[in-house]
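Q:
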Amino acid sequence: NNNNNNNPNNNNPNKPPVITNTPCLSPISEAEYKTMRRKVRNIYSNSIKESTARRLFRQYRCLSVDQIKGILKQFNYEETALRIAKFAYNYTVDKKNYMNLKRFFKFPSNRNSFEYFVNSRK
45 NNNNNNNPNN NNPNKPPVIT NTPCLSPISE AEYKTMRRKV RNIYSNSIKE
95 STARRLFRQY RCLSVDQIKG ILKQFNYEET ALRIAKFAYN YTVDKKNYMN
145 LKRFFKFPSN RNSFEYFVNS RK
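Position one of the sequence shown corresponds to residue 45 (our numbering), numbered consecutively onward.
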C-alpha cells in the first residue's frame, strides 16, 4: 500500500483560492475604500506603497474611477501613480470614465502615456 500524498487529486490546503473574472457591477463600499486608502497612505516607502496598492486592488477588485483617483493621490511620485493607474484599469467598474484620470497627471509625457494605454484597451 503506497500511501504517499503525491496524488494530484488531493486537495491542497496551501493552494490559493481561484478567483473568477466575474465583471464588477458596483464599486466597493465607502468603508472598504477608506480602509484601502488608509493602508496605502500609511506606508512611507514608495516601492512598498506600490506593491501594497497592487495587492489591495487584487483583494478589493471593484473600484470606481473616483476611488482609484483617491488611491493615486497617496503617491508622491507621478511615475508611480501612472503605473498604478495602468494596473488598476482592470479593477474599475466604470471603464468608460477611465480617461477622466488623465487630468490627474501633470506631466505631458505621463498624460500621453496614460491616454495611449487607455485607448489601447478599448
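Glycine included, each C-beta is placed from N, C-alpha and C at the ideal position.
Given this structure, state the Cα-to-Cα distance separating K83 from D110, to the nearest angstrom.
A: Near 17 Å, if we compare the C-alpha coordinates of D110 and K83.
Q: In three-state DSSP terms, what is L100?
A: Helix.
Q: Who does L107 pair with in a DSSP beta bridge?
A: The partner list for L107 (beta bridge, DSSP) reads T136.
Q: Measure the beta-carbon distance from L107 to A125 and round it to whole angstroms, keeping in mind my assumption that it falls under 8 Å.
A: Contact flag wrong, Cβ pair sits at about 15 Å.
Q: Relative to the C-alpha of P67, which candidate in D138, E159 and K78 has its C-alpha closest?
A: Nearest of D138, E159 and K78 to P67, Cα basis: D138.
Q: Where I72 and N134 are concerned, what is the direct C-alpha to C-alpha distance, given to the nearest angstrom?
A: Roughly 14 Å separates the two Cα atoms.
Q: Tell me which residue opens and which closes the alpha helix (DSSP H) that Y121 is part of.
A: Element bounds for Y121: n/a, residue is neither H nor E.
Q: So, for Y121: in the same chain, excluding its five sequence neighbours on each side, which residues have a beta-carbon less than 8 Å away from its beta-carbon?
A: Closer than 8 Å at the Cβ level, and outside the excluded window around Y121, lie N90.
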